[in-house]
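So the protein sequences, as listed, match chains A and B.
Be aware that the first sequence starts at 19, since it is given in my numbering, and climbs by one per residue.
Be aware that the second sequence starts at 7, since it is given in my numbering, and climbs by one per residue.
Every residue gets a Cβ at the ideal spot worked out from N, C-alpha and C, and that includes glycine.
Computed from a prediction, not measured in an experiment: that's the story for all the values here.
Reviewing the structure listed below.
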Amino acid sequence: MLVDETLPADRREHVAEHLRACAACADDVARLAAVAARLREAPPAAPAPGDLWPSIRKRIDDTKVVAIDATEAAPVSRITWRHRVGVAVVAAGVVLTVLVLRPSHSVPVEEVPSSSDTASLRMVADSVRSYEEEARVLLNRLEIQRAMLRPDAMAAIDADLRTIDGAIEELKRAIADDPNNPALRRLLAASFRQKVELLKRAGSAS
Amino acid sequence: MTRAGAVRAAAASPPMGDDVVRRAQQGDVDAFEAIYRAAMPSVHALCRRMTGDEQEARELVQDAFVRAWERLTTFRGQSSLHTWLHRLTVNVVLEHFRVAKRESLRFASDDATWAGVAGTDRRNDTRLDLESALESLPRGARIVFALHLEGYSHDEIAQMTGIAAGTARAQLWRARRALSSLLDQ
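Written out as structure tokens, the structure reads:
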């Protein structure tokens with residue numbers, strides 16, 4: 019422990035005093051310290067092996083080793099059929115709701131939104147902008163990480179994104195026709211939220 | 007790991023640029039290859055010291071780098087990349103020993119075993135180099151000593167290998183004495 023410098027302070031003086039009086043122990047400590055110093059200073063002497071990189075690269079490619087984020091361990095397999103059904107159901111629901119909520123073009127009615135409706139519209143519009151921006155950032159990140167995901171998993175994510183994007187486009191067209199309809203805007207925000215959640219799951223799996 | 011060990015690990019290989027690490031974390035395999043080429047000698051030396059066997063060391067080097075690729079996104083830059091790699095390599099090697107359930111983690115305390123180490127035949131009369139001297143140690147002691155060279159404290163070594171801290175100290179003491187005897191012959 020003296021050589022390791024881990025000897026408690028209260029015992030160090032006692033040991034030092036003994037070493038001053040005992041040549042054999044002092045010599046022993048000196049030799050042990052010399053071994054420790056020599057081993058620390060010596061570079062690794064084992065010859066480097068032949069190139070192991072081809073084997074390592076093959077294992078990475080063969081097993082499609084995917085970097086795992088330790089903080090959000092969500093393996094690719096968690097993007098399951100349940101999620102995909104969920105995406106499809108929500109998208110279908112969006113389309114039906116749009117059809118129901120869309121005003122009939124044969125009955126031109128001018129509606130002046132109330133002040134509470136205006137505030138609500140503004141809040142939802144802000145949410146949509148926020149989700150849109152977050153989705154854009156996550157999409158950029160997914161493009162970078164695309165190579166790390168298995169092809170079948172990436173294809174599933176792309177298909178889900180197409181479904182959600184289709185619903186979003188439908189909603190945007192409906193909103194263009196009926197800009198003062200808060201329900202449509204809330205649906206749009208919900209669709210963007212779903213897109214963001216999908217992209218986050220995909221990102222944590224890559 | 008002690009600060010001395012961290013400094014030693016970092017000094018063992020050329021520094022790794024942040025850009026290379028970031029690109030590797032984003033999935034750039036070519037960037038990861040650059041990390042491999044820079045760190046491989048020290049990682050191999052560590053595996054060799056812990057196992058005492060070249061073939062086993064080569065397999066564990068590959069396991070360590072595949073694990074590093076899997077876990078690279080968990081590297082947050084709080085230590086140097088080489089310190090992080092060495093820590094990961096130690097874990098890979100110790101897991102290998104546990105899975106193999108071999109005697110490799112048996113810690114010899116009998117005098118007969120240690121006397122055999124000190125009496126290693128030296129007919130060719132050349133001084134043993136350091137690595138050969140390490141390889142002649144009983145396996146458990148060699149692992150403890152290798153971890154000590156990496157800069158781990160007695161308590162850390164004890165925790166990692168599943169032995170008592172006192173046993174770790176005793177093994178280290180015996181290893182030093184044996185090495186001192188071998189290297190002075």
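* Looking only at its own chain, which residues have a Cβ that is under 8 Å from the Cβ of glutamate 215 of chain A, when we skip the five neighbours before and after it? -> Nothing listed; no residue qualifies.
* Give the secondary structure of glutamine 84 of chain B by DSSP, where H, G and I count as helix, E and B as strand, and everything else as coil. => Correct three-state label for glutamine 84 of chain B: coil.
* Buried or exposed for aspartate 178 of chain A, please, with buried defined as at least 16 other CB atoms from any protein chain shown within 10 angstroms of its CB. => Buried is the call here.
* With 16 as the cutoff for other CB atoms within 10 Å, does glutamate 188 of chain A come out buried or exposed? -> Buried: at least 16 other Cβ atoms inside 10 Å.
* **9 Å Cβ cutoff, valine 99 of chain B in contact with chain A** => At a cut-off of 9 Å, the C-beta of valine 99 of chain B has no neighbouring C-beta in chain A.
* Can you tell me which of B:His160, B:Ala139, B:Val99, B:Gln177 puts its alpha carbon nearest to the alpha carbon of threonine 57 of chain B? => Relative to the Cα of threonine 57 of chain B, the nearest Cα in the group B:His160, B:Ala139, B:Val99, B:Gln177 belongs to B:Val99.
* Asked: By Cβ distance below 6 Å, which residues in the same chain neighbour alanine 51 of chain B in space, the five residues on each side in sequence not counted?
  -> Contacts found: none.
* Asked: Which residue's Cα is closest to the Cα of proline 72 of chain A: B:Leu91, B:Val67, B:Leu185, B:Thr80?
  -> Per the Cα distances, B:Val67.
* To do: With 9 Å as the threshold, decide whether the Cβ of isoleucine 74 of chain A is near any Cβ in chain B.
  => Contacts with chain B at 9 Å (Cβ-Cβ) include isoleucine 74 of chain A.
* For chain B, is any of its Cβ atoms less than 9 Å away from the one on isoleucine 78 of chain A? -> True, the Cβ-Cβ gap to chain B drops below 9 Å.
* Is glycine 172 of chain B helix, strand or coil by DSSP? -> Assigned with DSSP and collapsed to three states, glycine 172 of chain B falls in helix.
* To do: Using three-state DSSP, classify tyrosine 158 of chain B as helix, strand or coil.
  => Tyrosine 158 of chain B carries a coil assignment under DSSP once its states are collapsed to helix, strand and coil.
* C-beta neighbour in chain B for leucine 6 of chain A, strict 9 Å -> The question about residue 6 of chain A has no answer here: the residues shown for chain A are numbered 19 through 224.
* **arginine 180 of chain A versus arginine 211 of chain A: straight-line alpha-carbon distance, rounded** => Arginine 180 of chain A and arginine 211 of chain A: Cα-Cα distance of roughly 15 Å.
* To do: With DSSP as the reference, label glutamate 128 of chain A as helix, strand or coil.
  => Reliability fails at glutamate 128 of chain A, whose pLDDT of 42 lies under 50, so the model's placement of it is uncertain and no value is given.
* **Sub-9 Å separation of leucine 178 of chain B and histidine 154 of chain B beta-carbons** => Against a cut-off of 9 Å, the Cβ pair of histidine 154 of chain B and leucine 178 of chain B comes out as a contact.
* Could you give the DSSP three-state label for proline 47 of chain B: helix, strand or coil? => Proline 47 of chain B carries a helical assignment under DSSP once its states are collapsed to helix, strand and coil.
* Asked: Within the 9 Å Cβ cut-off, does alanine 92 of chain A reach chain B?
  -> Caution is warranted here: a pLDDT of 41 is assigned to alanine 92 of chain A, below 50, making its placement in the model unreliable, and no coordinate value can be reported.
* Going by beta carbon distance, what residues of the same chain come within less than 7 Å of alanine 30 of chain B, once the five residues before and after it are set aside? -> For alanine 30 of chain B, where only same-chain residues beyond five positions count, the Cβ hits under 7 Å are Ala37, Phe38, Ile41, Leu78.
* **Helix, strand or coil at glycine 23 of chain B [DSSP, three-state]** => The DSSP-derived three-state label of glycine 23 of chain B is coil.
* To do: Ignore the nearest five residues each way along the sequence and tell me which others in arginine 148 of chain B's own chain have a CB closer than 8 Å to its CB.
  => These residues qualify, in order along the chain: Arg55, Met56, Gly58, Leu140, Glu141, Ala181.
* **Cβ-based burial, alanine 220 of chain A [other Cβ within 10 Å; buried from 16]** => Burial is judged here by how many other beta carbons sit within 10 angstroms of a residue's own beta carbon; alanine 220 of chain A has at least 16 and is buried.
* Status (buried if at least 16 other CB within 10 Å, exposed otherwise) for arginine 145 of chain B -> Counting Cβ neighbours within 10 Å, arginine 145 of chain B comes out buried, since at least 16 surround it.
* In chain A, which residues lie with their C-beta within 8 Å of the C-beta of glutamine 165 of chain B? -> Listed along the chain, the chain A residues whose CB falls inside 8 Å of the CB of glutamine 165 of chain B amount to none; the nearest CB is some 15 Å away.
* What is the residue span of the alpha helix (DSSP H) that arginine 64 of chain B lies within? -> In the DSSP annotation of this structure, the continuous segment of the alpha helix (DSSP H) that includes arginine 64 of chain B starts and ends at 60 to 77.
* Asked: Is arginine 72 of chain A helix, strand or coil when you go by DSSP?
  -> A small correction: the amino acid at residue 72 of chain A is proline; arginine does not occupy that position in the sequence shown. Three-state DSSP puts proline 72 of chain A in a helix.
* According to a CB-to-CB cut-off of less than 8 Å, which residues of the segment 55 to 86 of chain B neighbour chain A? -> Correct list: Arg55, Glu60, Ala63, Arg64, Val67, Gln68, Phe71, Val72, Trp75, Glu76, Arg77, Leu78, Thr79, Thr80.
* Asked: Where does serine 110 of chain B sit, in a helix, a strand or coil, going by DSSP?
  -> Low confidence applies to serine 110 of chain B: its pLDDT is 48, below 50, so where it sits in the model is not reliable, and the reading given next is rough at best. Correct three-state label for serine 110 of chain B: helix.
* Asked: Which word fits glutamate 151 of chain A, buried or exposed, when buried means at least 16 other C-beta atoms lie within 10 angstroms of its C-beta?
  -> Answer is exposed; the Cβ neighbour count stays below 16.
* Asked: Out of A:Leu206, A:Lys213, A:Lys76, A:Ala44, which has the shortest C-alpha to C-alpha gap to leucine 10 of chain A?
  -> The requested residue 10 of chain A is not part of the displayed model; chain A covers only 19 to 224.
* By the 10 Å Cβ neighbour count, where 16 or more other Cβ atoms means buried, how is glycine 172 of chain B classified, buried or exposed? -> Classification for glycine 172 of chain B: exposed.
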